[in-house]
Each structure stands twice: as C-alpha cells, then as structure tokens.
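A.B. asks: One structure coming up, written as structure tokens, with questions to follow.
There are 2 protein chains.
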Amino acid sequence: MAIHHAVSAEVIDVRPLGERLKETRTHTLIKTDTLEVIRIVLPGGKLLPPHRVDGEITVQCLEGCIVFDADGTEHRLSQGQMLYLAGGATHALRGIEDASVLVTILLK
Amino acid sequence: MAIHHAVSAEVIDVRPLGERLKETRTHTLIKTDTLEVIRIVLPGGKLLPPHRVDGEITVQCLEGCIVFDADGTEHRLSQGQMLYLAGGATHALRGIEDASVLVTILLK
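Those protein sequences? They're chains A and B, same order as listed. For what it's worth, numbering that gives the first Met the number 0 labels the leading residue of the first sequence as 0, then goes sequentially. For what it's worth, numbering that gives the first Met the number 0 labels the leading residue of the second sequence as 0, then goes sequentially.
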C-alpha cells in the first residue's frame, strides 16, 4: 500500500497516541520538495542513533519524554517542549518515557 | 527590549497557555534566514485577515479551536490538529475558542 502523505490543507492528527503508541510506527506525515514532517515514535529506552541532515529542523515532543543530544550536549524534552537545530548538526534521540515527537525538516 | 529568538538547541515551551492566553501576545519563537516559527494567539472571535506568504507553512493548533481558511475553503483545527499549506496560497485564521497556534514558515 502506498504511504499517504498529506496534501495541502489536509487536516492531520498529532494528538498524543497514548495506548496506541506501542503499536504505531514512525511515519512521514508531509513530504514535498522542500519540507518533510515526520512523527517519530520512540518508546522508553529506544535510541535513534546519531545522524545529521543538511537543513534546519525543529523537534517537538508530542507526548512522553526524550533526551535530544545535539552535538554532544543533552537536552531533555517533555510534552509541549520543542527546539530547533541548525543545519548540519549531529543529533540523536533517546526515549526516556514512551514518546512521540514531531520533526520538521527543511530539505535543501 | 530586544525580542529574544531561540538559538540552536534552546528548549522552547509550547504547552497550552491556558489562563495566560488573554495576556499573551503573538510572538516569534525562532527566526533564521530560512525558517520562522511564530506562536499566534487568537482569542475567540478574533480574525487574522487573509494574507499569503511565498513559502510553505505548517499550522498546528496548540489549544482551543480555530477556523483556517485556505483559498476560500474552511478547515476547523482543534488542539492537536495541524495542516500544511503550499506556498502562495491565500489564508486567514479565525479564533472559535481562545486559541494559540504554532505556525512554521519556510522563508524563500
């Protein structure tokens, strides 16, 4: 089945997953030539290893709690907290409590 | 006083404002050469008149409820709902219940 990406002005649900978190996989909500928006599902204890992207990103914690490592410095993000990261910075994410995060990537 | 914009990896609070909504003004959280993130405060009944920007945007309702008009079609956004809008589309926002929304703009 083809993965559905939202079209312009289509309403997308980003409320906390709650009980459904454990059965939900990371998925791309929006993808265009210049923009990608992904909901990353990160159960407690799971690691998204260090990586980098060329463009700027924003990372918003939708539920739970993660540690966001930016160039070796750790930042704790709980529900309702976000940050932006300059392009090219190495970063990693680790679930502290079952979490989902909204990542917006400016593609270059 | 200079307006503070977040630096890379600075943690930003985007939890619902609740009781503080009525005394909070729309403000820019992040501003770089390619990205702008604004928290728009829109009390019930208030209108942000039709306008357009060149780049793509995402609009996420952080609390309350708004009607988002995209090229003449209305979309209702409640807490935890979002959409993206292609660049150049005329849009307007109207508060239905006291609302704040997170708007991410790709600058071109």
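For every residue, glycine included, the Cβ atom is placed at its ideal position computed from N, Cα and C. Model, not experiment: these values are computed from the prediction.
(1) My output table needs one value for residue 30/A: the three-state DSSP class, helix, strand or coil.
(2) Does the CB of residue 31/B have a neighbour CB from chain A at under 8 Å?
(3) For residue 51/B, which three-state DSSP category applies?
(4) Can you list, in chain order, the residues of its chain whose CB lies under 8 Å from that of residue 84/B, leaving out five sequence neighbours each side?
(5) Give a yes or no on contact between the stretch 98–106 of chain A and the stretch 29–46 of chain A, applying the rule of three or more CB pairs nearer than 8 Å.
(6) Whose Cβ in chain A lies nearer than 7 Å to the Cβ of residue 55/B?
(7) If we count the other Cβ atoms within 10 Å of its Cβ and call it buried at 16 or more, is residue 106/A buried or exposed?
(8) By DSSP, does residue 16/A sit in helix, in strand, or in coil?
(9) I need the straight-line Cα distance from residue 19/B to residue 62/B, nearest angstrom please.
(10) Spatial neighbours of residue 16/A within its chain, please: CB distance less than 6 Å, with the 5 preceding and 5 following residues excluded, ordered by chain position.
C.D. replies: Checking against the coordinates, here is how it stands:
(1) Under the three-state reduction of DSSP, residue 30/A is assigned to strand.
(2) At least one beta carbon of chain A lies nearer than 8 Å to the beta carbon of residue 31/B.
(3) Correct three-state label for residue 51/B: coil.
(4) The residues are 55, 56, 57, 58, 69 and 90.
(5) The answer is yes - the stretch 29–46 of chain A touches the stretch 98–106 of chain A, with three or more Cβ pairs under 8 Å.
(6) Contact of residue 55/B with chain A by beta-carbon distance below 7 Å involves 31, 33 and 34.
(7) Label assigned to residue 106/A: exposed.
(8) Coil, per DSSP.
(9) Each residue's Cα considered, the two are about 12 Å apart.
(10) Taken in chain order, the residues that qualify are 23 and 99.
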